[in-house]
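Asker:
Number of protein chains: 2
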Amino acid sequence: MRAAYMYGAGDVRVVDVPEPTLIDPTDAIVRVVRACVCGSDLHPWHGMPESSEGTPMGHEFIGIVEQVGDAVATVAEGDFVIAPFAWSDGTCVYCREGLQTSCQHGGFWAAGGIGGGQAEAVRVPQADGTLVSVPTPVDPALYASLLTLSDVYGTGWHAAVSGGVSADTTVAVIGDGAVGLLAVLSAKQLGATTIILMGRHEARTDLGREFGATEVVAERGDEGIQKVLELTGGEGVHVVLEAVGHMPAYEQAVGVVRPGGTISRVGVPQYEEAPVGFGSLFGKNVTLTGGPAPVRAYIEQLLPAVLDGTVEPGKVFDLEVSLEDTAKGYTTMDERTALKVLVTP
Amino acid sequence: MRAAYMYGAGDVRVVDVPEPTLIDPTDAIVRVVRACVCGSDLHPWHGMPESSEGTPMGHEFIGIVEQVGDAVATVAEGDFVIAPFAWSDGTCVYCREGLQTSCQHGGFWAAGGIGGGQAEAVRVPQADGTLVSVPTPVDPALYASLLTLSDVYGTGWHAAVSGGVSADTTVAVIGDGAVGLLAVLSAKQLGATTIILMGRHEARTDLGREFGATEVVAERGDEGIQKVLELTGGEGVHVVLEAVGHMPAYEQAVGVVRPGGTISRVGVPQYEEAPVGFGSLFGKNVTLTGGPAPVRAYIEQLLPAVLDGTVEPGKVFDLEVSLEDTAKGYTTMDERTALKVLVTP
Numbered sequence: 018m019r020a021a022y023m024y025g026a027g028d029v030r031v032v033d034v035p036e037p038t039l040i041d042p043t044d045a046i047v048r049v050v051r052a053c054v055c056g057s058d059l060h061p062w063h064g065m066p067e068s069s070e071g072t073p074m075g076h077e078f079i080g081i082v083e084q085v086g087d088a089v090a091t092v093a094e095g096d097f098v099i100a101p102f103a104w105s106d107g108t109c110v111y112c113r114e115g116l117q118t119s120c121q122h123g124g125f126w127a128a129g130g131i132g133g134g135q136a137e138a139v140r141v142p143q144a145d146g147t148l149v150s151v152p153t154p155v156d157p158a159l160y161a162s163l164l165t166l167s168d169v170y171g172t173g174w175h176a177a178v179s180g181g182v183s184a185d186t187t188v189a190v191i192g193d194g195a196v197g198l199l200a201v202l203s204a205k206q207l208g209a210t211t212i213i214l215m216g217r218h219e220a221r222t223d224l225g226r227e228f229g230a231t232e233v234v235a236e237r238g239d240e241g242i243q244k245v246l247e248l249t250g251g252e253g254v255h256v257v258l259e260a261v262g263h264m265p266a267y268e269q270a271v272g273v274v275r276p277g278g279t280i281s282r283v284g285v286p287q288y289e290e291a292p293v294g295f296g297s298l299f300g301k302n303v304t305l306t307g308g309p310a311p312v313r314a315y316i317e318q319l320l321p322a323v324l325d326g327t328v329e330p331g332k333v334f335d336l337e338v339s340l341e342d343t344a345k346g347y348t349t350m351d352e353r354t355a356l357k358v359l360v361t362p
Numbered sequence: 018m019r020a021a022y023m024y025g026a027g028d029v030r031v032v033d034v035p036e037p038t039l040i041d042p043t044d045a046i047v048r049v050v051r052a053c054v055c056g057s058d059l060h061p062w063h064g065m066p067e068s069s070e071g072t073p074m075g076h077e078f079i080g081i082v083e084q085v086g087d088a089v090a091t092v093a094e095g096d097f098v099i100a101p102f103a104w105s106d107g108t109c110v111y112c113r114e115g116l117q118t119s120c121q122h123g124g125f126w127a128a129g130g131i132g133g134g135q136a137e138a139v140r141v142p143q144a145d146g147t148l149v150s151v152p153t154p155v156d157p158a159l160y161a162s163l164l165t166l167s168d169v170y171g172t173g174w175h176a177a178v179s180g181g182v183s184a185d186t187t188v189a190v191i192g193d194g195a196v197g198l199l200a201v202l203s204a205k206q207l208g209a210t211t212i213i214l215m216g217r218h219e220a221r222t223d224l225g226r227e228f229g230a231t232e233v234v235a236e237r238g239d240e241g242i243q244k245v246l247e248l249t250g251g252e253g254v255h256v257v258l259e260a261v262g263h264m265p266a267y268e269q270a271v272g273v274v275r276p277g278g279t280i281s282r283v284g285v286p287q288y289e290e291a292p293v294g295f296g297s298l299f300g301k302n303v304t305l306t307g308g309p310a311p312v313r314a315y316i317e318q319l320l321p322a323v324l325d326g327t328v329e330p331g332k333v334f335d336l337e338v339s340l341e342d343t344a345k346g347y348t349t350m351d352e353r354t355a356l357k358v359l360v361t362p
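Encoded structure:
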């Protein structure tokens with residue numbers, strides 16, 4: 018079959034690889050209907066050392082179950098399924114608490130012998146715990162929105178839920194990528210009435226407004242911080258949803274958060290150390306929370322409003338490419354000419 | 018009157034200063050009944066640059082109201098009062114939310130022209146917001162426990178409440194100082210049934226056991242972390258109460274916290290940067306919370322059990338000195354021959 022592999026920074030190729038087969042009785046084989054390129058795929062696209070073997074790519078996909086192992090009970094051949102960006106057994110202590118990204122027997126796509134989603138088919142370990150079936154037939158018009166439940170919508174939702182967003186909180190969202198915009202949508206769904214989106218790409222912030230942003234702050238750094246403080250009577254916001262992962266975004270979060278407030282991070286931090294002392298978090302009793310979103314925990318909850326069209330998170334996709342053109346997805350997202358790219362095998 | 022001043026590292030003297038007088042109509046003058054030395058007083062005791070003027074010391078005291086300004090309504094001459102370690106107006110947006118340490122018109126003792134608690138009397142700004150009256154007559158046997166409501170008990174309580182301690186959480190407390198031990202007591206009051214105290218001063222950890230610690234881990238660093246993991250089936254604890262403020266304590270907290278757990282800090286951080294990236298907090302979805310405790314918010318809630326003897330947080334005091342001997346309080350606490358020192362003017 019065909020699959021996208023990365024062989025080094027800026028080097029994504031679609032190559033022939035063996036079809037995946039069942040290995041463990043808990044496996045399923047899923048034929049991919051739609052996959053996509055993630056903002057986090059750009060990190061290796063910028064920095065991966067050259068490799069002659071390459072590494073499979075992609076961790077978001079929806080598809081049709083083609084085959085299941087003997088121990089699989091909850092999904093069956095022909096099911097239309099959503100695969101979250103981490104696979105998990107659904108039964109360990111962390112899964113039962115809804116923290117599937119810390120599953121004791123789980124893992125991530127495109128690692129440890131498991132393929133990536135940017136491919137024609139994928140072997141899914143722990144299929145019972147991992148996959149969520151969607152009632153069929155599925156309207157192809159819903160594919161894009163369903164695919165966001167694999168990662169970006171659930172990740173934006175995780176930011177908002179972990180941050181404690183409610184009707185009583187003011188919110189700032191840092192980052193106008195797909196996760197930031199869906200953090201806006203999530204904050205809106207959770208009842209927030211002041212949602213300040215910090216981003217400067219007008220097409221994206223326009224979509225942010227459509228998703229529920231009440232203010233857009235295009236300024237960055239101290240200027241952006243001042244703007245948010247002005248919009249909040251000098252106090253700052255109760256909850257900051259940080260959907261970028263770079264240090265300037267962290268500093269911006271510290272600058273706009275209110276005393277007693279919360280910074281909820283879902284942008285994968287590209288730093289290990291950061292200010293947390295008296296002058297940043299401690300003195301103001303600011304809480305820092307977040308992490309890799311256990312999107313599996315949220316799919317059933319978010320699915321109905323996607324299916325009935327109440328929300329359209331799939332609007333974050335603004336370019337579609339064929340699997341053969343996957344590299345173009347990386348290039349356009351890196352150039353920021355595309356917000357998020359849908360891949361059709 | 019007499020008051021303790023610090024003139025540089027290791028140099029505390031009791032000197033003659035003018036009696037405090039009412040300045041603002043919201044002031045009260047309080048004659049100090051008991052004050053004490055705080056672990057955080059040892060930070061300047063180690064590092065304060067030499068100063069010919071010196072700085073007043075002490076931020077914990079109980080006393081009798083001697084005089085009130087015209088605008089003071091809730092406390093009166095003769096009242097026996099507890100003064101929290103931060104003064105606050107009680108009416109601003111943060112005070113109303115119970116975050117008095119961020120009061121828009123508040124501040125801290127021994128700064129900005131306000132005296133310290135290690136003195137015969139103190140001018141208390143914003144007396145209505147700051148002071149809490151205790152029903153009189155007050156049994157002198159309760160003085161020590163009432164004084165802990167000024168800081169260390171409320172600070173231990175803040176750690177436990179901010180960390181979300183409940184009957185459903187396992188808890189580790191890092192630090193066997195007064196705050197750590199009262200964090201143990203607080204966790205016990207909040208229903209925790211597994212409370213692991215990390216400390217190695219046996220007299221203190223014995224008091225910790227009396228306050229509710231179910232396990233004591235004397236080992237530090239990796240060895241201490243391994244011990245806590247063993248005690249928790251390899252998972253780590255749901256909540257870590259960090260009552261030290263030095264980097265090794267932070268690292269220990271990161272090492273023993275469970276995926277999805279919380280580190281609640283009340284030890285004033287002696288660092289500004291710390292690990293918060295994928296390898297420390299983010300990857301495990303760990304929450305970092307805490308800060309200067311708004312002890313004012315907790316006094317009314319914690320007072321009844323102190324008054325009726327249900328709890329005896331005053332047991333953390335193991336040395337009493339006269340105001341004239343305040344310097345001895347610093348020396349013995351620094352040498353760790355005293356846990357916490359009561360000062361009687």
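Taken in sequence, the protein lines are chains A and B.
Position 226 (the first sequence) corresponds to 243 in my numbering; numbering is contiguous.
Position 157 (the second sequence) corresponds to 174 in my numbering; numbering is contiguous.
Backbone N, C-alpha and C define an ideal beta-carbon position, used for all residues, glycine too.
#1: At the level of alpha carbons, what is the spacing between E227(B) and G86(B)?
#2: Determine the direct distance from the alpha carbon of L305(A) to that of G95(A), and round the result to whole angstroms.
#3: Ordered along the chain, which non-local residues of its own chain (more than five positions away) have a Cβ less than 8 Å from that of G225(B)?
#4: Between V178(A) and T211(A), is the Cβ-Cβ spacing less than 8 Å?
#5: Got a sec, what are the start and stop residues for the alpha helix (DSSP H) V16(A) sits in?
#6: Just curious, the alpha helix (DSSP H) that H60(A) is in, first and last residue?
#7: By DSSP, does S167(B) sit in helix, in strand, or in coil?
#8: DSSP three-state label for V273(B), please.
#9: What are the residues of the segment 282-293 of chain A that lie near chain B, defined by any Cβ-Cβ distance shorter than 7 Å?
#10: Return yes when the Cβ of G171(B) is within less than 8 Å of the Cβ of Y347(B), no when it is not.
#11: Does S297(B) come within less than 8 Å of chain A when only Cβ atoms are used?
#12: Taking 8 Å as the limit between beta carbons, can you name the residues of its chain near V155(A), skipping five residues before and five after?
#13: Enumerate in chain order the residues of its own chain whose CB-to-CB distance from P37(A) is below 7 Å, with the five nearest sequence positions on each side excluded.
#14: Give the residues of chain A in contact with L305(B), contact being defined as C-beta atoms less than 8 Å apart.
#15: Buried or exposed, going by whether 16 or more other CB atoms sit within 10 Å of the CB of I99(B)?
#16: DSSP beta-bridge partners for V338(B)?
#17: What does the alpha-carbon distance come out to for the pair G124(B) and H76(B)?
#18: Note down, in chain order, each residue of its chain lying with its Cβ closer than 7 Å to the Cβ of G180(A), except the 5 sequence neighbours on either side.
#19: On a CA-only basis, which of V54(B), I40(B), V34(B) is nearest T349(B)? Give me that one, please.
#20: Can you name the residues of chain A whose CB is closer than 8 Å to the CB of S119(B)?
#21: Using the C-alpha atoms, what's the distance from G173(B) back to R313(B)?
#22: My guess is that T43(A) and S105(A) are in contact by the Cβ rule of under 8 Å, so how many angstroms apart are they, rounded?
#23: Near K244(B), what residues of its chain come up, given a Cβ to Cβ distance below 6 Å and the 5 sequence neighbours on each side ignored?
#24: Counting C-beta neighbours from all protein chains within 10 Å, is the total for S68(A) 16 or more, i.e. buried, or is it exposed?
#25: Does A111(A) get closer than 8 Å to chain B when you measure Cβ to Cβ?
#26: Got a sec, what are the start and stop residues for the alpha helix (DSSP H) A17(B) sits in?
#27: State yes or no: is the C-beta of Q135(A) within less than 8 Å of the C-beta of A52(A)?
#28: Specify, as a first and last residue, the run of the beta strand (DSSP E) that T211(B) falls within.
#29: Since P309(B) meets chain A, which of its residues come closer than 8 Å, beta carbon to beta carbon?
#30: Can you tell which of Y288(B), Q287(B), V285(B), G294(B) has its C-alpha closest to the C-alpha of V271(B)?
#31: Along the beta strand (DSSP E) that carries L258(B), what are the first and last residues, could you check?
#32: Secondary structure at A102(A), three-state DSSP: helix, strand or coil?
#33: Which residues in chain A have a C-beta closer than 9 Å to the C-beta of E259(B)? List them in chain order.
#34: Could you confirm whether any beta carbon from chain B is found closer than 8 Å to the beta carbon of E114(A)?
#35: Spell out the partners DSSP gives Y22(B) in its beta bridges.
#36: Measure the C-alpha to C-alpha separation of A161(B) and Q117(B) and round it to an integer number of angstroms.
Answerer: Reading off the structure:
#1: Reading the second sequence from its first residue, position 210 is the one you call residue 227(B). Reading the second sequence from its first residue, position 69 is the one you call residue 86(B). Taking the straight line from one Cα to the other gives about 43 Å.
#2: The count along the first sequence starts at 1 and reaches residue 95(A) at position 78. The count along the first sequence starts at 1 and reaches residue 305(A) at position 288. Taking the straight line joining both Cα atoms gives about 43 Å.
#3: The count along the second sequence starts at 1 and reaches residue 225(B) at position 208. Taken in chain order, the residues that qualify are V190, D193, G197, L198, V201, L214, G216, V233.
#4: Within the first sequence, residue 178(A) is the residue found at index 161, counting from 1. Within the first sequence, residue 211(A) is the residue found at index 194, counting from 1. No, they are not a contact pair.
#5: Because chain A spans 18 through 362 in this model, residue 16(A) falls outside it and cannot be assessed.
#6: Counted from its first residue, the first sequence places residue 60(A) at position 43. First-last of the alpha helix (DSSP H) with H60(A): 59-64.
#7: Along the second sequence, read from residue 1 onward, the residue named residue 167(B) stands at position 150. Three-state DSSP puts S167(B) in coil, outside helix and strand.
#8: The count along the second sequence starts at 1 and reaches residue 273(B) at position 256. Of the three classes helix, strand and coil, the one that applies to V273(B) here is helix, per DSSP.
#9: R282, V285, P286, Y288, E289, E290, A291, P292, V293
#10: Counted from its first residue, the second sequence places residue 347(B) at position 330. Counted from its first residue, the second sequence places residue 171(B) at position 154. No.
#11: Position 280 of the second sequence, counting from 1, holds the residue named residue 297(B). At least one chain A Cβ lies under 8 Å of S297(B).
#12: Within the first sequence, residue 155(A) is the residue found at index 138, counting from 1. Excluding positions up to five away in sequence, the list reads F97, L163.
#13: Within the first sequence, numbered from 1, the residue matching residue 37(A) stands at position 20. Cβ within range, chain order: I46, G132, A138, V139, R140.
#14: Here residue 305(B) refers to the residue found at position 288 when the second sequence is read from its first residue. Near L305(B) (Cβ distances below 8 Å), the residues of chain A are V293, L298, T304, L305, T306.
#15: Taking the second sequence and counting its residues from 1, one reaches residue 99(B) at position 82. The residue in question, I99(B), is buried, as its Cβ has 16 or more Cβ neighbours within 10 Å.
#16: Here residue 338(B) corresponds to residue number 321 of the second sequence, with the count starting at 1. According to DSSP, which records beta bridges pairwise, V338(B) is partnered with V360(B).
#17: Walking along the second sequence from the start, residue 124(B) turns up at place 107. Walking along the second sequence from the start, residue 76(B) turns up at place 59. Distance between the alpha carbons of G124(B) and H76(B) is about 11 Å.
#18: Position 163 of the first sequence, counted from the start, is the residue given in the question as residue 180(A). Result list for G180(A): V256, L258, T279, S281, T306, in chain order.
#19: Here residue 349(B) refers to the residue found at position 332 of the second sequence. Checked all of V54(B), I40(B), V34(B); the closest Cα to T349(B) is V54(B).
#20: Position 102 of the second sequence, counted from the first residue, corresponds to residue 119(B). Those are P276, G277, K301, N302, listed as they occur along chain A.
#21: Residue mapping note: residue 313(B) aligns to position 296 of the second sequence, counting from 1. Residue mapping note: residue 173(B) aligns to position 156 of the second sequence, counting from 1. Cα to Cα, R313(B) sits roughly 13 Å from G173(B).
#22: Here the question's residue 43(A) lines up with position 26 in the first sequence. Here the question's residue 105(A) lines up with position 88 in the first sequence. The pair is not a contact, with the Cβ atoms about 11 Å apart (cut-off 8 Å).
#23: As a first step, residue 244(B) is located in the second sequence; it is residue number 227 there, counting from the start. The answer, listed in chain order, is V234, E236.
#24: Here residue 68(A) refers to the residue found at position 51 when the first sequence is read from its first residue. Flag for S68(A) reads exposed.
#25: The sequence position of residue 111(A) within the first sequence is 94, counting from 1. For clarity, residue 111(A) is Tyr in the given sequence; the question names Ala instead. Cβ-Cβ to chain B under 8 Å: yes for Y111(A).
#26: This structure cannot settle anything about residue 17(B), because the visible part of chain B is limited to 18 through 362.
#27: Numbered from its first residue, the first sequence carries residue 135(A) at position 118. Numbered from its first residue, the first sequence carries residue 52(A) at position 35. Contact flag set, yes.
#28: Indexing the second sequence from 1 puts residue 211(B) at position 194. That run of the beta strand (DSSP E) goes 211-215.
#29: Locating residue 309(B) in the second sequence gives position 292, counting from the first residue. The contacting residues are F299, G300, N302.
#30: The sequence position of residue 271(B) within the second sequence is 254, counting from 1. Looking at the Cα atoms, G294(B) is the closest of the given residues.
#31: In the second sequence, counting from the first residue as 1, residue 258(B) sits at position 241. Where L258(B) is concerned, the enclosing beta strand (DSSP E) stretches over 254-259.
#32: The residue labelled residue 102(A) in the question sits at position 85 within the first sequence. The sequence shown places Phe at residue 102(A), not Ala. Three-state result, F102(A): coil.
#33: Counting from 1 along the second sequence, the entry for residue 259(B) is found at position 242. What E259(B) touches in chain A: nothing, since even the nearest Cβ is about 11 Å away.
#34: Start at 1 with the first residue of the first sequence, and residue 114(A) comes out as number 97. For E114(A), the answer is yes, since a Cβ of chain B falls inside 8 Å of its Cβ.
#35: Within the second sequence, residue 22(B) is the residue found at index 5, counting from 1. Answer is R30(B), P73(B).
#36: As a first step, residue 161(B) is located in the second sequence; it is residue number 144 there, counting from the start. As a first step, residue 117(B) is located in the second sequence; it is residue number 100 there, counting from the start. About 23 Å.
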